[in-house]
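> In the numbering used here, the protein residues as written are 441 to 589.
Here a beta-carbon is modelled for each residue, glycine too, at the ideal position from N, C-alpha and C.
Here you go, one structure.
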Amino acid sequence: MAMGLASASPRRRGRSRRRAAMAEINVTPLVDVMLVLLIIFMVTAPLLTSGVPIDLPDSRANPLDQKPDQVTLSIDRNGFVFVDDSRVAAGQLPAVVGRFGCETASAPLITVRADRAIDYGRVMAVMGELNRAGCRSISLVTNGSAEAP
Numbered sequence: 441m442a443m444g445l446a447s448a449s450p451r452r453r454g455r456s457r458r459r460a461a462m463a464e465i466n467v468t469p470l471v472d473v474m475l476v477l478l479i480i481f482m483v484t485a486p487l488l489t490s491g492v493p494i495d496l497p498d499s500r501a502n503p504l505d506q507k508p509d510q511v512t513l514s515i516d517r518n519g520f521v522f523v524d525d526s527r528v529a530a531g532q533l534p535a536v537v538g539r540f541g542c543e544t545a546s547a548p549l550i551t552v553r554a555d556r557a558i559d560y561g562r563v564m565a566v567m568g569e570l571n572r573a574g575c576r577s578i579s580l581v582t583n584g585s586a587e588a589p
């Protein structure tokens, strides 16, 4: 009789282990979804900076820190000027630049993106208007280059 009780007891323990609720979470689908989202954000983040397609020149300069109060001026291959993503009408650049508030203490950082095929004089004309408006903190945006000129 003692022998029968001892042999019945391990069977019950074995059955109760099979019926116990599973307490682990399968994280593989979660990791898969997070990796896909990471890739999507990595691909789309550079496109959010500016929507004007420009072929930038190469340079070995160090990258600048991004600031929240930053204004991007883009000059495309045809010489049209864009402030952020909106095109500036001909002759309206001085008025638009005057609204930046460069004379104030909280002046925004101005970044100029110019196509590599554009005439150098056109870039200097835009920078001259920025200078006339009092904008003294101007950065030129380029592509990174691995080789020295």
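Does L470 pass the burial test, meaning 16 or more other C-beta atoms within 10 Å, or should it be called exposed?
Exposed.
> How far does the alpha helix (DSSP H) with V528 in it extend, from its first residue to its last?
Element bounds for V528: n/a, residue is neither H nor E.
> Tell me, please, whether the region 465 to 479 touches the region 512 to 530 by the rule of three or more beta-carbon pairs shorter than 8 Å.
With the cut-off at 8 Å, the region 465 to 479 and the region 512 to 530 do not touch.
> Give me the DSSP bridge partner(s) of F435.
Examination of residue 435 is not possible in this model, given that the chain is present from 441 through 589 alone.
> Given that a residue counts as buried once 16 or more other Cβ atoms are within 10 Å of its Cβ, and exposed if not, what is S577?
Exposed is the call here.
> Hey, would you say E569 sits closer than 7 Å to L533, going by beta carbons?
A contact, by the Cβ cut-off of 7 Å.
> Is it buried or exposed, R553, if we count other Cβ atoms within 10 angstroms and call 16 or more buried?
Classification for R553: buried.
> Would you call V473 buried or exposed, if buried means 16 or more other Cβ atoms sit within 10 Å of its Cβ?
V473 comes out exposed.
> Which residue's Cα is closest to the Cα of T551: V511, D516, A530, I558?
Cα-wise, what sits closest to T551 is V511.
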